Amino acid sequence: MLFEVWAPRAGRVDLQWAGDRAGRPPVPMERDGDRAGWWRAEAPAADGDRYAFRLDGGPPLPDPRAARLPEGPDGPAAVVDHDRFGWRHPWSGRPLPGAVLYELHVGTYTPEGTFDAAAARLRHLADLGITHVELMPVCPFPGTHGWGYDGVAPWAVHEPYGGPDGLKRFVDAAHGLGLGVVLDVVHNHLGPSGNHLPEFGPYFTDTHRTPWGAAVNLDAPGSDEVRGYFLGSALSWLRDYRLDGLRLDAVHALHDDRTPHFLAKLSAAVDGLAARLGRPLFLIGESDLNDPRTTVPRESGGQGLHAQWNDDFHHALHTALTGESQGYYADFARAPLAALAKTLTGGFFHDGTYSSFRGGPHGAPLDLRTTPAYRLLAYAQTHDQIGNRALGDRLAASLPAGLLAGAAALVLCSPFTPMLFMGEEWGATTPWQYFTDHTDPELAEAVRAGRRREFAAHEWAGDAGEWPDPQDPATRDRCVLDWSEPVLEPHGTLLAWHRTLLTLRHELPALTDPDPRHTEVTFDEDARWLLLRRGPVRVAVNFGREATASVPVGVPGRDLQVLAGWPEARLPRADGVLRLPPESVVVLGP
């Protein structure tokens, strides 16, 4: 078997055996004459054999490209033979257009917190009408429980979840139910504990700074190999684990002054892999730049990502539902229904407009005539938007069921690719709070202090004494979904509502029509109603808490039918005006 490692500053590299082979002598590695800075050695090994690298006689270090770290980020690597896994279900892929995503955290989707336990609950999602599961990061991090964004080994799978084979079993089970799988990956930083990459080479640079410290080296000396490292990781997830797409965390923090940009290189590589595999693959970026170039095709000067999260839609919808106006919600809260209408028809709210949160103009216009609307993701809740609140409270903690139903209708009938956060479909009452399992006491205390500063800066509600301790195991336990809720009320009715809306989305072509000319929005800010028109389909929502709204649908009731109604079916009068009770929603069609 060939072992390779990039260590350009080392004068000597040894392959060190571990585990059952710990007593065997190390294998000296040789410089690769064709690749500067690379070392290689041939040695007999099989799946599961454990090993590490020693640089210049130093301590054993895990392989930066290890697919498995059975003892955690600081332990030895284990050989993984991807070809030995027995896939049960053939899979030709499921593309992004027409998709409905479901964001899922493996560690809290079930009490067990494993891939296998999560796979046992996938039938629920298939029956609901979900098309793709989007897993939060699964790379190794210190301890057992965490969000995953402190991962330190971008090629490996967190062992407590089930390791590489556990992820493959999950993907195989999903594909057997017709579900695609998307993985959230983090290229913009590595976690603060267990990160050994700097010992191998210039993986990071002080040329740029990020909220997490030195930036990943994408444009300084040595960046060719660093780019190749993250490109190879991304392709491995799609190829070796049969994933259907990747969600790229905070791409605005990928500082790269080279041409082409790393994201353009990545999208080209993924498109090339899709052509070779003969199945669709896609990339979804998380970006707060509101930059249309993120999803503009490479041949037109863009970065070529296939979609991006749209926080503007979330912020507009959130302020319309809750009335909150602190922090980044301020600009949207001035006229939330106007902001919601702008995002539904134009994609971005901040398209060059002044952002009080940023203290200057932000974003650029997005032309939905040339950028299909499915390239934007729409959502009412995400791990970030819930978990970055002091108490991790979901919308269901403060909103009546009627407003939750209205939010679901606007997300699932929007022109964008909808996404739900796990448990949202039944109005889960379990919070989603930030939790960690750092083994370093100083780091644990720094995380506690940092979260408290962040909460105070955003003026989140709640007494500071109630803010959860990220390191307390009870914090994670509170976030585990309660699977007894869907059979209770109003959870069961909310679940049926989501199922009805998803059925409509899959059956009515108007709800996935990318032509922006077929999406119109009218609203009354004072009366608190909004009407979304998707071709012949109309979605009327009354956000008001007390007054009945008169919504001019424009078509008399005799020419329409109720496709879905909360809390009840309701048709407009003969004059085309719909009398909509407070906190209610109706979906109408011809």
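Residues in the sequence shown are numbered from 306 upward in steps of one, following our numbering. Beta carbons are placed, not taken as given, at the ideal position from N, Cα and C, and that holds for glycine. The model shown is predicted, which means the values in this text are computed figures rather than measured ones.
Item, Value
"Residue interval of the alpha helix (DSSP H) (run including HIS437)", "Careful: HIS437 lies outside any alpha helix (DSSP H), inside the beta strand (DSSP E) at 437-440."
"GLN631 - DSSP class collapsed to helix/strand/coil", "coil"
"Inter-residue spacing [alpha-carbon to alpha-carbon] between ARG428 and ASP742", "30 Å"
"Beta-carbon spacing of ASP361, ALA323 below 8 Å", "no"
"Sheet register partners of ARG804 (DSSP bridge)", "The partner list for ARG804 (beta bridge, DSSP) is empty, contrary to what the question assumes."
"Which of helix, strand or coil DSSP assigns to SER538", "helix"
"Backbone CA spacing between GLU796 and GLU830 [nearest angstrom]", "The residue you asked about is not Glu; residue 796 is His in the sequence shown. One C-alpha to the other measures close to 30 Å."
"Through-space distance from CYS444 to PHE726, alpha-carbon basis", "20 Å"
"Three-state class that DSSP yields for ASP899 in the structure shown", "With the chain covering only 306 through 895, there is no way to say anything about residue 899."
"Inter-stretch contact (C-beta, 8 Å, three-pair minimum) for the segment 694-710 and the segment 639-657", "no"
"Sequence-distant residues of its chain with Cβ nearer than 7 Å to ARG804 (five each side left out)", "LEU433 and GLY434"
"Residues bridged to ASP319 (per DSSP)", "PRO333 and ARG359"
"Rounded straight-line distance, which links the Cα of ALA555 to that of HIS620", "17 Å"
"Where THR600 falls: helix, strand or coil (DSSP)", "coil"
"Beta-carbon separation (whole angstroms), TRP460 vs ALA371, contact threshold 8 Å", "6 Å"
"Spatially closest choice to VAL867 from VAL891, ARG850, PHE848 and LEU883, by CA coordinates", "VAL891"
"Cut-off 6 Å between Cβ atoms - residues of its own chain near HIS560, not counting five sequence neighbours on either side", "HIS513 and ALA520"
"Range of the contiguous beta strand (DSSP E) that encloses THR658", "658-660"
"CA nearest to the CA of PHE760, picked from GLU747, PRO736, ALA685 and ARG694", "ARG694"
"Reference ALA733; option with closest CA among GLU750, THR722 and LEU709", "LEU709"
"CA nearest to the CA of TYR739, picked from HIS566, ARG781, GLY471 and CYS718", "ARG781"
"Spatial distance of GLU851 from PRO887 (CA atoms)", "5 Å"
"For ARG552 and LEU717, the rounded distance between their alpha carbons", "20 Å"
"Distance CB(GLY496)-CB(HIS450) smaller than 8 Å", "no"
"As assigned by DSSP and simplified to three states, the class of THR413", "helix"
"Closest residue to GLN608 among ARG598, ASP617, TRP614 and PHE654 (Cα-Cα distance)", "ARG598"
"Residues that DSSP places opposite PHE475 in a beta bridge", "Beta-bridge pairing links PHE475 to no other residue."
"4-residue-minimum alpha helix (DSSP H) runs that sit fully inside the segment 680-757, ordered along the chain", "688-692 and 706-717"
"Range covered by the beta strand (DSSP E) that runs through LEU885", "882-885"
"DSSP beta-bridge partners of THR827", "LEU836"
"Continuous alpha helix (DSSP H) stretch holding HIS513: start and end", "Taken as a continuous stretch (DSSP letters only), HIS513 belongs to no alpha helix (DSSP H), being part of the beta strand (DSSP E) at 509-515."
"Spatially closest choice to VAL457 from HIS463, PRO465, GLY467 and PHE446, by CA coordinates", "PHE446"
"Rounded Cβ spacing between ALA678 and PHE721 (contact assumed at less than 8 Å)", "5 Å"
"Cβ neighbour criterion (16 or more within 10 Å) applied to MET724", "buried"
"Inter-stretch contact at 8 Å, needing at least 3 Cβ pairs: the segment 475-487 / the segment 388-395", "yes"
"Start-to-end residues for the alpha helix (DSSP H) that takes in VAL575", "567-582"
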